[in-house]
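Remarks on the structure that follows.
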Amino acid sequence: MVILGLCVAMSPFTYVLTPPSVFFFSRGLSASNHRNREDSWFKSLFVRKVDPRKDAHSHLLTKNEESNLYKIQFHNVKPECLDAYNQLCEETLPSIHNDKYYPCELVGTWNTWYGEQDQAVHMWRYRGGYPALTEVMSKLRQNKEFMKYREERGKMLLSRRNQLLLEFSFWNEPIPRKGPNIYELRSYQLRPGTMIEWGNYWARAIGYRQHNSEAVGGFFSQIGNLYMVHHLWAYKDLEAREATRNAAWQHEGWDEVVYYTVPLIQHMDSRIMIPMKASPLQ
């Protein structure tokens, strides 16, 4: 016997589960709170398929792919060089940020406090997308001061890596803020093919986490580790972080978001970071 099901079009982010010999099932932003969790867990074992469409997923998730491109850099510094590295960055990076000749902005620059030790994290914004990035990289190669900075920096590093990111449409755009604050960078490696579903749930979930202005920015990777999501949060201190995160569980619907997004994650990581003196995010 063949069992037929009905697929209902709900939104550009709608997912359809199509395991063999079961009813088709739609999941969107309006998921009901009384859904049978055991049944949903069983269905989550099957591969999720995105409704066929011609749009790239990045077009559906971001504000405007042509407007803002972000680069995040992770520098693992030799422990004995960390102070000298920080001073070198504080002397060089603001000059690029403040120079209108370069179509880029320093969003934030931090040292990891808890997480990977002796690490620096830098985030840049390129208004104008990939053309702006290409322009900046070309100009910096002609900048003797910057090339000297790179040479000195190279002597202090154990390793470095970067990613190019776009911002989720439903997150705030990160803007300078006064401190003192600590920052948490939560990084999620998602299962391939689940980015739209992640966006479905977090488009609703972000509303539960904006009451104390702790939400700074949300990004997903375009180049580097793919299907990678970064959420950036700001807190007064670790006690405020704990209180804010605990308070989220008092909002109806937050538990459902956590329940249905955890199966999408392959790996997750959390860094608590302290801003450098030159960081616009303090």
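Going by the UniProt record's numbering, the residue at position 205 of the sequence shown is 205; the numbering climbs one at a time, nothing skipped. For every residue, glycine included, the Cβ atom is placed at its ideal position computed from N, Cα and C. Note that this is a predicted model, so its numbers are computed, not measured.
Subject >> Cα-Cα separation between R141 and M147, rounded to whole angstroms >> reply: Whole-angstrom Cα-Cα distance: 7 Å.
Original post:
Sorted by chain position, which residues of the same chain lie with C-beta nearer than 6 Å to D118's C-beta, five sequence neighbours on each side aside?
Top reply: So the qualifying residues of the chain are V77, P79, L82.
Original post:
Looking at I223 and W171, is the spacing between their C-beta atoms short of 8 Å?
Top reply: I223 is positioned such that its CB atom lies no closer than 8 Å to that of W171.
**OP:** Could you tell me which residues DSSP puts in a beta bridge with F146?
**Re:** The partner list for F146 (beta bridge, DSSP) is empty, contrary to what the question assumes.
Original post:
Which value, in whole angstroms, describes the spacing of the CA atoms of F168 and F74?
Top reply: If you draw a straight line from the Cα of F168 to the Cα of F74, it comes to about 21 Å.
**OP:** Would you give the residue range spanned by the alpha helix (DSSP H) that P131 belongs to?
**Re:** Boundaries of the alpha helix (DSSP H) harbouring P131: 130 to 140, taken from the DSSP string.
Original post:
Taking just the CA atoms, how far does M268 sit from L106?
Top reply: Spanning the alpha carbons of L106 and M268 requires a straight line of approximately 25 Å.
Subject >> Residues bridged to G108 (per DSSP) >> reply: For G108, which the question treats as bridged, DSSP gives the partners M123.
Original post:
Apart from the five residues just before and just after A132, which ones in its own chain have a Cβ nearer than 8 Å to its Cβ?
Top reply: If we look at A132 and ignore the five residues flanking it on each side, its Cβ neighbours are L69, P103, C104, Y126.
Subject >> According to DSSP, residues forming a beta bridge with A215 >> reply: Answer is W233, bridged to A215.
Subject >> Counted within 10 angstroms of its Cβ, other Cβ atoms place I175 as buried (16 or more) or exposed >> reply: Under this definition I175 is an exposed residue.
Original post:
What does DSSP give as the partner residues of F168 in its beta bridges?
Top reply: Beta-bridge partners assigned by DSSP to F168: T62.
Subject >> Ordered list of beta strand (DSSP E) runs contained in the UniProt domain "NIPSNAP" (183 to 280), each at least 3 residues >> reply: Whole beta strand (DSSP E) segments, 3+ residues: 215 to 223, 228 to 235, 265 to 275.
Subject >> Y188 versus L232: straight-line alpha-carbon distance, rounded >> reply: Annotation: Y188 to L232 spans about 12 Å, alpha carbon to alpha carbon.
**OP:** Give every residue of the same chain whose Cβ lies closer than 7 Å to the Cβ of T62, excluding the five residues on either side of it in the sequence, and list them in chain order.
**Re:** The beta carbon of T62 sits closer than 7 Å to those of L166, E167, F168, S169, all from its chain and outside the five residues before and after it, given in chain order.
Subject >> Neighbour-count burial assignment, S21, 16 or more Cβ in a 10 Å radius >> reply: Confidence at S21 is low in this model, with a pLDDT of 34, below 50, so its placement is unreliable and the value that follows should be read with caution. Exposed.
Subject >> Inter-stretch contact at 8 Å, needing at least 3 Cβ pairs: the stretch 186 to 203 / the stretch 259 to 274 >> reply: The stretch 186 to 203 is in contact with the stretch 259 to 274.
Original post:
Nearest to E145 by CA position, among N246, E91, E256, is which residue?
Top reply: When only C-alpha atoms are compared, the closest one is E91.
Original post:
What first and last residue would you give for the beta strand (DSSP E) that runs through I72?
Top reply: Counting along the chain, the beta strand (DSSP E) containing I72 begins and ends at 68 to 77.
Original post:
Can the beta-carbon of T194 be found closer than 8 Å to that of E214?
Top reply: Contact: no.
Original post:
Roughly how many angstroms separate the alpha carbons of L281 and R160, rounded to a whole number?
Top reply: Taking the straight line from one Cα to the other gives about 22 Å.
Original post:
What residue range is occupied by the uninterrupted alpha helix (DSSP H) comprising I96?
Top reply: 82 to 98 is the extent of the alpha helix (DSSP H) around I96.
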